[in-house]
Ligand SMILES: Nc1ncnc2c1ncn2[C@@H]1O[C@H](COP(=O)(O)OP(=O)(O)OP(=O)(O)O)[C@@H](O)[C@H]1O
Ligand SMILES: Nc1ncnc2c1ncn2[C@@H]1O[C@H](COP(=O)(O)OP(=O)(O)OP(=O)(O)O)[C@@H](O)[C@H]1O
Ligand SMILES: [Mg+2]
Ligand SMILES: [Mg+2]
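Chains as they are written, first to last, in the numbering used here: chain Y, 8 to 354; chain L, 37 to 544; chain A, 36 to 350; chain G, 89 to 393.
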């Protein structure tokens with residue numbers, strides 16, 4: 008088997024293959040429903056209904072997409088520069104911690120949101136800076152250091168929540184005090200959970216897109232990612248670029264945690280993120296590291312998850328089917344996206 | 037003609053297309069026992085593609101390959117190896133982290149077997165090394181070897197498998213003249229043992245020296261086939277490009293003031309590569325300084341120093357006064373044009389477009405960006421200008437540079453560094469791997485820059501190139517620099533002695 | 036201080052370290068094989084889950100223990116096949132496929148468990164591997180109980196590590212696998228199939244990861260629990276780097292990590308434990324891993340083609 | 089009478105001890121008739137409010153579950169769906185402003201205390217090991233009551249306390265228990281799965297918690313403090329049927345008085361526990377039931393002694 012690059016993929020290919028991937032996912036869903044003794048024909052409708060079937064459902068999907076856009080952007084920025092940041096999860100929590108530190112009464116009304124957002128970004132950046140320094144100075148593999156820091160950070164959060172940051176009013180449960188009202192991101196639609204964090208995520212995506220395509224920094228980041236030696240020879244400050252990349256990437260991941268706390272939860276707990284940092288990697292790669300694509304792929308991931316989770320309840324299938332379908336959809340989709348650009352040749 | 041039974045390999049109407057491009061167009065070719073055939077052609081003529089088909093890396097769209105009378109199954113390197121074909125690729129195929137012996141043994145034994153003893157394998161490698169004059173240490177890690185040693189490993193790999201046909205794709209492009217000589221000695225022994233050789237090179241004197249027959253490709257087609265004895269280098273060159281090549285004629289220089297001075301500069305060694313040892317050197321306006329020497333004798337350190345990659349450990353570098361800061365960007369700011377030794381690794385970014393590569397080192401300058409935002413229109417205009425002025429053959433400024441042939445890539449780099457009107461030009465192996473036409477073009481550009489008042493430092497292992505172009509010649513050996521010899525004051529043999537390190541004892 | 040020495044000199048501490056290390060050794064060897072061939076397998080966490088599940092389920096349904104191990108291995112190889120197909124011939128991102136496989140294998144295990152046992156309110160048990168009390172050997176002071184009262188699966192882990200080392204460094208197959216991770220073009224040029232080697236390595240490696248997972252349900256414990264793998268797979272990825280891609284060093288790393296784990300459990304009971312938050316102890320193994328990586332960073336040799344997909348005929 | 093549709097939303101799988109008690113009670117109510125029951129397990133706290141809303145939208149009448157990790161948001165949902173009743177595990181008090189939310193918790197300190205009395209009598213070395221998941225109030229409360237009970241019969245008892253930082257890692261819990269046995273413990277308080285296994289392998293004893301596992305460890309598990317969710321659920325169902333469901337604290341339905349907890353039968357250990365201790369247990373049990381004695385509710389994190 009060989010793969011031949013296609014110079015100019017046809018529109019049919021570009022739309023048809025992803026559509027096929029979705030169809031295949033639906034087929035898997037039906038098969039699983041059948042195995043679980045549910046009505047396979049109902050699955051498609053139930054998934055769609057659960058993901059976008061009502062205002063409530065659609066907004067929940069957007070809600071779930073919000074942190075994924077941030078972590079997806081964080082990963083896209085880093086991976087573009089071949090900085091393998093697997094630690095968005097830890098950076099996310101760093102942002103969440105800052106949201107609580109500054110949002111529980113330390114700062115007042117007009118200042119608290121912008122200041123805590125910036126401080127959160129800085130905290131996330133610092134978390135990533137460590138591994139990046141180790142990489143640039145000592146050549147320590149960042150895949151492993153960022154991965155391990157996720158566990159350290161989670162334990163640190165757990166320590167904070169059982170120690171210094173424990174909510175005195177929390178009846179002993181390990182969680183932080185609640186944010187004051189001024190530190191909360193307002194909701195976009197009254198009565199529904201969607202908050203301005205989603206809008207901020209969209210703005211961030213556009214900003215990252217501008218940085219990557221229009222700015223000198225974006226040019227430098229791509230160059231360093233593609234060929235470090237050539238970038239250095241061309242006079243680019245490679246380590247500075249890597250550090251800037253880390254700051255941007257860690258900062259974006261931190262915003263995910265910050266917006267979850269400020270927009271949704273109102274407090275920090277050690278299960279704030281069900282793996283948003285890891286899913287961000289999938290989101291970013293699905294988008295081929297394109298910042299605007301990240302928005303689409305985050306929405307896709309969120310819709311599949313929320314839709315299948317809802318379907319599992321409506322159809323009476325074990326809830327784990329949601330993750331199965333999400334994983335299936337992802338794998339089919341990356342394959343389909345690759346096949347839009349390559350043709351399989353059997354020799 | 038000889039007995040047809042002597043034909044060891046026959047390519048029959050091989051055609052290979054990459055998209056719209058036909059890289060090989062119905063190429064037929066035969067190789068006989070004990071014969072050396074040279075395959076010639078411009079960059080991108082389709083030579084490597086043809087060899088890759090023969091060896092099974094690519095599958096031909098049409099045509100067939102016969103080895104020792106048997107058809108070779110397509111797309112299957114294993115079959116080619118089994119049939120007795122060995123190939124030394126243009127870009128070596130060695131695993132750096134493995135030892136020489138492991139690289140050679142790789143794939144020679146059944147994967148499910150326990151494997152023959154290392155000792156036996158080593159003995160066999162030792163014997164082959166001796167028989168063919170291919171000295172390498174079997175337990176050395178390939179990553180620590182010089183280019184020449186790696187090539188010996190590649191040849192040993194083929195011989196270890198009892199190759200009867202040896203394909204060499206530009207084997208001398210990266211070799212020092214001494215290493216090239218040694219390679220030819222090896223090849224002669226191989227021929228004597230009955231091997232047949234298919235040989236690709238852009239260096240016509242080598243071709244004249246070793247080949248029995250030459251096959252010339254242009255645009256994927258065979259345009260000529262001659263017996264070496266009945267042709268000349270000039271005739272071959274003309275056949276390749278389809279016309280006469282005007283070789284650059286260097287007029288005497290009129291040297292101006294010193295633009296850069298190195299005074300007793302010493303730099304640290306880098307692994308096996310020596311640093312500079314108290315080097316003193318003047319680069320003058322309107323003069324080409326040639327740096328001769330066997331590669332790995334400190335040229336890299338000198339190039340890195342002038343490129344801004346390293347700082348002098350001791351001694352001083354002055355350009356209109358002592359250097360305050362030193363970095364690649366500072367070097368660019370000071371008007372130094374840098375043509376790197378390796379255009380693939382350091383000179384360009386393969387997946388970037390021509391436009392992006394054109395502004396790779398100047399993107400921060402006011403013309404290309406403002407307030408941190410790129411002006412892509414200006415950048416593309418710049419690239420367009422280079423493409424037009426330097427005759428870069430490409431689909432357009434938006435094409436990825438990896439699609440370009442080496443020569444055209446080099447022209448883009450040339451344009452990138454020469455367009456801003458540099459004061460000093462560092463040209464490190466500027467014509468390596470290029471075809472004769474491209475070489476003539478690059479060299480004429482360098483001469484034109486000199487005539488425009490630039491100081492040029494030309495680093496090359498090709499003594500002919502140095503002697504032809506340089507106004508002043510220095511020789512480097514183990515990090516030391518010889519005095520400057522004016523054009524024509526030393527013969528090649530005399531320079532060779534310096535290269536071997538002989539004059540330095542008196543001079544030092 | 037004396038607490039620390041007491042712990043370090045105790046038989047049970049070292050026995051615990053070896054026990055804790057056993058699943059890590061299997062899975063680390065699996066990951067090491069994959070990475071040596073050039074494929075980063077982030078599916079490890081999920082493959083350990085499916086191994087824990089499949090091995091346990093087989094035994095629960097009546098299979099003998101070793102058949103359970105085999106079932107785990109087969110399940111792991113199946114997901115390895117999926118990973119390999121997507122990352123090797125199709126050359127998809129190893130990050131995405133790895134995380135996707137982890138998600139798929141994990142959810143598949145849970146889904147299947149729930150379908151098979153919908154009504155349980157207390158996790159069913161099997162009879163796991165028992166420690167092997169070897170006559171004479173077990174009576175050797177100190178080493179006897181540390182080494183010879185482990186279960187057969189622990190022994191299998193140690194043997195497996197030796198075997199992996201032998202195959203990788205002493206056989207033509209191992210040479211080919213390592214070369215595939217260093218320079219696939221070199222492998223191709225010597226007439227071997229990069230695709231075949233890499234796929235084989237990923238499949239076999241995934242099988243070992245799954246056996247590592249099954250250690251948790253067939254030896255360390257007797258029930259299958261959701262989330263019981265608890266990040267062990269990620270640790271193994273760190274252990275491979277820590278071990279500089281060498282089986283011997285990786286086993287050492289696993290033992291070291293396990294020893295720290297065993298130590299922190301015990302230190303929590305010392306006066307020190309009363310002063311420090313328990314999270315500090317749980318963090319220690321991770322922080323020490325990072326520290327160790329820093330200390331050995333200079334010498335580590337990453338397989339040069341790790342994470343680089345190989346597409347034949349493309350340069 | 090109309091069927092009451094119950095939906096359970098659990099943050100862990102239904103095998104988890106705590107949730108299993110709710111699940112069993114709900115299944116029992118369903119079997120008894122007049123009730124319909126579905127559930128979703130393993131819901132992340134992030135998703136919890138969404139799942140609540142989904143069930144509300146789908147028209148269930150009563151939602152049971154646990155909102156310890158999603159209090160604020162969950163209460164918002166309750167407020168937004170006033171027609172749906174909620175019976176949720178929570179550390180907080182009921183709120184008059186949200187009249188459709190009643191809270192509960194596993195207040196089984198009474199039974200834990202009694203099991204502690206037996207433990208104190210059964211330990212030879214006087215050293216007791218306790219392995220927990222996280223030091224949350226629901227865990228601390230029971231550990232503290234158990235320790236108080238143990239001190240009744242063994243005033244000099246020493247306790248080793250460890251938290252493994254996970255709810256679902258029996259191998260780790262087992263290793264921790266092994267370490268405690270090495271440290272001299274001959275009796276373990278089995279808050280997590282895995283602890284009794286260690287005790288069994290090393291010939292130590294164990295005291296169960298929330299569920300009865302003696303059948304699996306006949307020679308190991310001496311006694312267990314059981315939680316019964318049935319009184320809590322039945323009270324809620326009655327209130328709904330009577331139309332009197334309101335913001336209320338159902339925690340008391342877990343008290344021994346209400347039948348919400350009990351000491352498991354000694355079973356295989358019948359006759360092996362010292363007479364005096366069993367007498368004390370009986371006394372205290374009676375005192376608890378008639379209200380003359382209350383076991384202190386102490387939610388602070390227990391420390392090794
Ligand atoms: N893998 C490939 N994919 C697409 N096009 C290719 C590929 N390899 C080669 N080509 C095309 O085939 C043409 C011939 O390439 P080839 O490598 O055979 O040139 P060559 O004669 O070896 O040149 P050089 O002298 O520079 O080595 C090139 O111009 C290129 O456009
Ligand atoms: N991925 C590719 N796609 C298309 N064409 C390619 C690709 N890689 C190489 N080529 C073509 O193959 C030809 C030979 O490539 P190669 O890498 O040998 O460069 P080259 O021209 O020989 O330069 P150099 O001598 O510097 O190595 C080039 O002309 C280039 O056009
Ligand atoms: Mg070529
Ligand atoms: Mg070339």
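The beta carbon of each residue, even a glycine, is placed where N, CA and C say it ideally should be.
Exercise. Ends of the alpha helix (DSSP H) at residue 372 (chain L)?
Worked result: From DSSP, residue 372 (chain L) is part of no alpha helix (DSSP H) but of the beta strand (DSSP E) over 372-375.
Exercise. Which same chain residues, not among the five before or five after residue 153 (chain Y), have their C-beta less than 6 Å away from its C-beta?
Worked result: 92, 93, 94 and 138
Problem set entry | Alpha carbon of residue 99 (chain Y) to alpha carbon of residue 109 (chain Y), nearest angstrom | 16 Å
Problem set entry | Classification of residue 319 (chain G) by the beta-carbon crowding that lies within 10 angstroms, buried from 16 upward | buried
Exercise. Counting Cβ pairs, one atom from each stretch, are 3 or more of them under 8 Å apart for the region 372-383 of chain L and the region 307-326 of chain L?
Worked result: no
Exercise. What does residue 96 (chain Y) touch in chain A if you count any residue whose Cβ is under 9 Å from its own?
Worked result: Those within 9 Å of residue 96 (chain Y) in chain A number zero; the least Cβ separation is about 11 Å.
Problem set entry | Which listed residue (A:114, A:206 and A:123) has its alpha carbon closest to that of residue 340 (chain A) | A:123
Exercise. With DSSP run on the structure shown, which of helix, strand or coil describes residue 522 (chain L)?
Worked result: strand
Problem set entry | Backbone CA spacing between residue 162 (chain G) and residue 150 (chain G) [nearest angstrom] | 14 Å
For this session: Identify every run of the alpha helix (DSSP H) within the region 157-181 of chain Y, keeping only runs that are complete inside it and at least 4 residues long; order them along the chain.
Result: none
Exercise. If we call anything under 8 Å between Cβ atoms a contact, is residue 158 (chain A) one with residue 88 (chain A)?
Worked result: no
Exercise. Among all residues, which have a Cβ less than 7 Å from at least one non-hydrogen atom of ligand 3, and in what chain order do they fall?
Worked result: L:83, L:84, L:126, L:205, L:206 and L:236
Problem set entry | Boundaries (first-last residue) of the beta strand (DSSP E) holding residue 60 (chain L) | 57-68
Exercise. DSSP on residue 409 (chain L), reduced to helix/strand/coil?
Worked result: strand
Exercise. So, helix, strand or coil for residue 195 (chain Y), using DSSP?
Worked result: coil
Exercise. Do residue 452 (chain L) and residue 415 (chain L) have their C-beta atoms closer together than 8 Å?
Worked result: no
For this session: With hydrogens ignored, establish whether the beta-carbon of residue 57 (chain A) is closer than 7 Å to any heavy atom of ligand 1.
Result: no
Problem set entry | C-alpha gap between residue 492 (chain L) and residue 328 (chain A), whole angstroms | 46 Å
Problem set entry | Span of the beta strand (DSSP E), counted from its first residue to its last, around residue 464 (chain L) | 460-464
Exercise. At a cut-off of 7 Å, is residue 54 (chain L) close to ligand 1 when judged by its beta-carbon and the heavy atoms of the ligand?
Worked result: yes
Exercise. If you compare alpha carbons, which of L:408, L:486 and L:465 is closest to residue 330 (chain L)?
Worked result: L:465
Exercise. Can you give, in chain order, each stretch of the beta strand (DSSP E) that sits fully within the region 19-44 of chain Y and has at least 3 residues?
Worked result: none
Exercise. Beta-carbon of residue 308 (chain A) versus every beta-carbon of chain B: anything under 8 Å?
Worked result: Protein chains in the displayed structure are Y, L, A and G, and chain B is not among them.
Exercise. Along chain Y, in chain order, which residues have C-beta atoms closer than 8 Å to that of residue 132 (chain A)?
Worked result: 338 and 341
Exercise. Residue 543 (chain L) to residue 156 (chain Y), Cα distance in whole Å?
Worked result: Any reading at residue 543 (chain L) must be qualified, since the residue scores a pLDDT of 46, below 50, and its modelled position is unreliable; the value itself is stated next. Taking the straight line joining both Cα atoms gives about 59 Å.
Exercise. Among the residues of its own chain, which have a CB less than 6 Å from the CB of residue 262 (chain L), if the five just before and after it don't count?
Worked result: 250
Exercise. So, residue 205 (chain G) versus residue 365 (chain G), is the Cβ gap smaller than 8 Å?
Worked result: yes
Exercise. Does residue 282 (chain Y) come within less than 8 Å of chain L when only Cβ atoms are used?
Worked result: no
Exercise. Mapping DSSP to helix, strand and coil, what is residue 345 (chain A)?
Worked result: coil
For this session: Pick helix, strand or coil for residue 335 (chain L), following the three-state DSSP scheme.
Result: helix
Exercise. Got a sec: is the Cβ-Cβ distance from residue 113 (chain L) to anything in chain A below 8 Å?
Worked result: yes
Exercise. The beta strand (DSSP E) spanning residue 138 (chain A) covers which residue range?
Worked result: No beta strand (DSSP E) contains residue 138 (chain A), which is instead part of the alpha helix (DSSP H) from 129-151.
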